[in-house]
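The numbering used here applies: residue 710 is where the sequence shown begins, and numbers increase by one. Built from N, CA and C at the ideal position, the CB exists for glycine as well. A quick note: this is a predicted structure, and the numbers were derived from the prediction, not measured.
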Amino acid sequence: VARHHDHHHDEAGRRASDATDAATRVDALVERLRATGGRVTEARRAVLRVLVEAGSAHLSAEEIAERVHASTPQVHLSTVYRTLESLEEAGLLRQARLGDGPASYHLASDEHHHAVCDVCGAVIVLPPDALTPVVARLARDHGFRADPRHVTIGGRCRACASDG
Ligand SMILES: [Zn+2]
Ligand SMILES: [Zn+2]
Numbered sequence: 710v711a712r713h714h715d716h717h718h719d720e721a722g723r724r725a726s727d728a729t730d731a732a733t734r735v736d737a738l739v740e741r742l743r744a745t746g747g748r749v750t751e752a753r754r755a756v757l758r759v760l761v762e763a764g765s766a767h768l769s770a771e772e773i774a775e776r777v778h779a780s781t782p783q784v785h786l787s788t789v790y791r792t793l794e795s796l797e798e799a800g801l802l803r804q805a806r807l808g809d810g811p812a813s814y815h816l817a818s819d820e821h822h823h824a825v826c827d828v829c830g831a832v833i834v835l836p837p838d839a840l841t842p843v844v845a846r847l848a849r850d851h852g853f854r855a856d857p858r859h860v861t862i863g864g865r866c867r868a869c870a871s872d873g
């Protein structure tokens, strides 16, 4: 089911094979859902596909519902909301808050952290290993086993910092 999407925020750029990669990732997630005893419904598959295609974009429940509706109109909005809840319970999704905005959803397998500009709200996505030195230090000095998830670091982006 190779679908075309115009609004990718991923700056890495998209190659032709990415549609296939996305389908493969959706299949893998569906398999995990099945393995945990979850029912595989059209709505669940549609929601997972939207999240895979969104990459590290931060979609609210409403935005996810809109995209699901665009690709799979027969899935009702209320079903999308219920689906998000059940996929979160199944451990496939995580709800995350970024600044003051509405909660957004991520695939649990898509861990990352952020720097968010306090002035303009610009978001920089950081890889999971960005906090490795902090995790190592907590373990060494405090015996603390840190498991940082979706950490947000405040501050000012380059443009806002140079404004004064
Ligand atoms: Zn800024
Ligand atoms: Zn995030």
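Neighbourhood of residue i by C-beta, 7 Å cutoff - its chain only, sequence neighbours within 5 removed
i, result
"Gln804", "Glu797, Ala812 and Tyr814"
"Arg741", "Leu801"
"Val749", "Val739, Leu742 and Arg743"
Beta-carbon proximity check, residue i vs residue j, cutoff 8 Å
i, j, result
"Leu802", "Ala817", "yes"
"Val759", "Val739", "no"
"Ala752", "Ser780", "no"
"Glu762", "Ala731", "yes"
"Val735", "Leu757", "yes"
"Ala799", "Thr745", "yes"
"Ala845", "Arg854", "no"
Cut-off 8 Å between Cβ atoms - residues of its own chain near residue i, not counting five sequence neighbours on either side
i, result
"Ile833", "His823, Ala824, Val825 and Cys866"
Rounded Cβ spacing between residue i and residue j (contact assumed at less than 8 Å)
i, j, result
"Tyr790", "Ala770", "6 Å"
"His821", "Pro836", "6 Å"
"Leu807", "Thr733", "With a Cβ gap of about 28 Å, Leu807 and Thr733 do not count as contacting."
Bridge-paired residues (DSSP) for residue i
i, result
"Gly914", "Any question about residue 914 goes unanswered here, given that the chain covers just 710 to 873."
"Leu835", "His822"
Proximal residues to residue i (C-beta, below 6 Å), its chain only, five neighbours per side dropped
i, result
"Cys829", "Cys869"
"Thr792", "Ala752, Arg753 and Val756"
Next item on the list: May I have a chain-ordered list of the beta strand (DSSP E) segments no shorter than 3 residues that lie completely inside the stretch 759-816?
Entry: Fully enclosed beta strand (DSSP E) runs of 3 or longer: 802-805 and 813-816.
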